[in-house]
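Just so we're aligned, residue 423 is where the sequence shown starts under this note's numbering, counting upward by one. The structure appears below as structure tokens.
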Amino acid sequence: MKVVYYDVLENLIKDIKKRITNNVELYSMKHELIIENQKVKYKEIDIDLRSFSKPFFVDNEIELDLSECREDIKNHLIEICTAYTDNELEAIIHKMPILKEYSSKRNKDLKDVAVIWRDHFLEDNIGLLTSFMRMGVKASDILVMDKGDSTKHRKEITATFKKLGFQVELLDNNSLEEKKLLERGTEIIDKFITDRKDKKVLILDDGAIISKILINRKYDNVKAIVELTEMGLRRIKKLDIEELPYPVLNVAKTNLKKFITYKEISNTIFTRTIELLGDEKLAGRTLIQLGYGDLGETLAKRFRQYGVRVSIVDPDIMKLIQAAEEGFITYKTLEEAMKYEKPFIIIGASGEQSISKEVVMMLEDECYVTAGATADLSIFKEFEKEGVKYKFIPKYGTQYEINGKKITVLGNGRSVNLFDSESIPNRAIDIFKAGTLVTANMAIQEEKILNKKLQLDIVNKWIEDSKILELYYDLYLAKK
């Protein structure tokens with residue numbers, strides 16, 4: 423078995439001494455390492471760098487042959503090689519200067535804080551979570567929970583989080599039925615919180631699954647929940663506020679996310695969809711898009727600029743009017759749209775289940791379906807349970823044969839921009855991650871003024887007062 427360490431031999435030896443044993447010897451003439459009397463052959467090679475943010479001037483990488491070493495040494499070396507090197511970590515942090523600037527000036531603000539974080543395993547979240555450490559949070563007081571999306575470097579980031587010293591867990595609401603999901607999450611979260619009664623606990627949640635776990639569970643040391651997504655807000659709004667006895671800070675509807683971040687998300691959905699369509703022709707063909715909200719508006723315009731004929735479906739009459747007056751063909755329902763249009767692709771941009779079984783039966787042969795949010799395509803799981811013929815193709819999607827027609831779901835039925843991708847460039851998402859960090863920090867600094875309600879205005883104010891928007895403008899937009 424061979425693995426690659428993505429840095430030079432000197433740094434590999436440092437990592438081995440730090441994470442495995444000091445009992446390591448180098449025999450450079452034989453190209454061998456002896457680790458606790460176990461022989462490991464190595465070869466210096468020069469291959470592509472793997473991380474999204476590329477380090478500068480890495481001289482070469484090291485290929486290790488693990489065929490002659492015992493199992494425990496082999497497993498440790500696999501862990502070392504899978505995790506990002508220190509140079510790769512530095513490259514990620516370098517590409518997120520707003521996070522670094524904000525956190526470096528506040529290195530004691532969060533020294534008595536613990537963090538529970540559930541989101542996608544992407545490189546940019548290494549930037550966010552190491553910023554918490556820079557502000558005083560101990561690595562052992564950070565619980566990271568993987569949402570389960572098949573991101574490009576999920577395996578490497580999981581190993582990196584472990585290398586950094588975080589508690590790493592999986593809490594995927596699409597692989598467990600809800601009762602088991604909540605039981606599993608409750609067990610993990612309850613232990614983490616109760617073991618840290620001397621810490622103030624912050625929760626950062628993508629999708630409100632942790633919020634559902636905390637219903638009717640009152641912990642005195644939990645200070646706030648930071649909700650990152652609109653889907654999470656919808657779930658929270660269905661709860662009785664008495665059931666969730668914590669301040670909920672709404673980052674999903676902030677001006678920052680609306681005017682800056684949603685455009686970046688839309689761009690990645692657009693580019694990833696085009697990549698996956700591969701050999702298809704787009705210009706002049708019909709696309710039906712479900713949703714014309716903050717994300718959908720930009721996405722529709724991107725496709726139209728590419729020459730695609732875009733029709734919009736949205737149950738919100740104001741959004742429908744806006745889309746129509748901006749030149750799009752519009753329909754109140756997808757069923758109505760299917761009577762008049764023959765799309766070669768349907769894209770969900772609503773975050774809700776928006777494609778019905780009846781609509782799927784109406785699709786043309788060789789039609790594509792994809793989405794920017796998981797819930798949009800949940801209907802296809804029902805077809806699988808009913809026994810329709812289907813085949814998942816790694817790095818591409820799932821092909822179905824339904825009603826005698828071939829239908830392809832691009833990606834894995836979840837957010838297509840996250841499928842085998844790092845999604846938004848680290849430098850582009852830096853400002854949103856910084857806004858999230860500001861919100862989390864201010865929830866601690868101003869905990870006495872918060873009430874147990876869903877709050878947006880104060881979050882917008884904190885972000886504006888932090889001056890991160892001015893820093894963003896000066897870095898990228900101001901004339902110099």
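Where is the CB? At the ideal position from N, CA and C, for every residue including glycine.
Counted within 10 angstroms of its Cβ, other Cβ atoms place residue i as buried (16 or more) or exposed
i, result
"I538", "buried"
"Y728", "exposed"
"L385", "Absent from the structure is residue 385, since the part of the chain shown begins at 423 and ends at 902."
"D879", "exposed"
"M555", "buried"
"F478", "exposed"
"P765", "buried"
"Q867", "exposed"
"F681", "exposed"
"K449", "Checking the sequence shown, residue 449 turns out to be Tyr, not Lys. Counting Cβ neighbours within 10 Å, Y449 comes out exposed, since fewer than 16 surround it."
"T616", "exposed"
"M423", "exposed"
"A705", "exposed"
"N834", "buried"
"Y762", "exposed"
Residues near residue i by beta carbon distance below 7 Å, same chain, minus five either side
i, result
"L550", "L521, K855, T858 and L859"
"T720", "Y684, K685 and S688"
"N848", "F474, S475, I514, K517, M518, E545, D546 and G549"
"L893", "I520 and E523"
Cβ-Cβ distance between residue i and residue j below 8 Å
i, j, result
"V670", "L876", "yes"
"T608", "I564", "no"
"L431", "E485", "no"
"I456", "I438", "no"
"L832", "T676", "no"
"Q821", "K827", "no"
"A674", "L872", "no"
"L840", "D571", "yes"
"E483", "V446", "no"
"K622", "D534", "yes"
"L592", "S633", "no"
"M760", "V781", "yes"
"R576", "F543", "yes"
"N863", "L532", "yes"
"K817", "D842", "yes"
"I824", "M783", "yes"
"T903", "I846", "Nothing can be reported for residue 903, as the shown portion of the chain is limited to 423 through 902."
"N596", "T507", "no"
Coarse secondary structure for residue i, derived from DSSP in three states
i, result
"A513", "helix"
"A536", "strand"
"S776", "coil"
"V726", "Reading off the sequence, residue 726 comes out as Arg, not Val. Three-state result, R726: helix."
"S688", "helix"
"A913", "In the structure displayed, the chain extends from 423 to 902; residue 913 sits before or after that span and is not available."
"N433", "helix"
"E466", "strand"
"L699", "helix"
"K461", "strand"
"T582", "helix"
"L704", "coil"
"K675", "coil"
"L876", "strand"
"T752", "strand"
"I743", "helix"
"K613", "helix"
"G770", "strand"
"L785", "coil"
"Y895", "helix"
"L593", "coil"
"Y762", "helix"
"K424", "strand"
"I885", "helix"
"T443", "coil"
"E757", "helix"
"T573", "coil"
Nonlocal neighbours in the same chain, by C-beta distance under 6 Å from residue i, ignoring five residues either side
i, result
"Y714", "I734, D736, K741 and A745"
"I583", "Strictly speaking, residue 583 in this sequence is Phe, with Ile absent from that position. For F583, where only same-chain residues beyond five positions count, the Cβ hits under 6 Å are V566 and V590."
"L698", "L832"
"T443", "E458"
"I610", "E591"
Residues near residue i in its chain [Cβ-Cβ closer than 8 Å; skip 5 each side]
i, result
"R618", "A536, D563 and N643"
"N672", "E649, L655, L876, Q877, L878 and V881"
"E786", "K764, P765, F766 and K827"
"I500", "V425 and L488"
Any non-hydrogen atom of the ligand COA within 7 Å of residue i CB
i, result
"G570", "Within the structure as shown, the ligand COA is missing, as the structure has no ligands at all."
| said: As an exercise, report each continuous beta strand (DSSP E) stretch of at least 3 residues that is fully enclosed by the segment 617-668, in chain order. | reply: Within the segment 617-668, the complete beta strand (DSSP E) runs of at least 3 residues are 622-627 and 644-649.
| said: Threshold first: 4 residues or longer. Then list the alpha helix (DSSP H) segments lying entirely within the segment 521-567, N to C. | reply: 545-556
| message | Just to confirm the assignment: which complete alpha helix (DSSP H) runs, minimum length 4, are found wholly within the segment 797-864? | response | 801-807
| message | So within the segment 472-519, which uninterrupted alpha helix (DSSP H) runs reach at least 4 residues, ignoring any that extend past its ends? | response | 493-504 and 508-516
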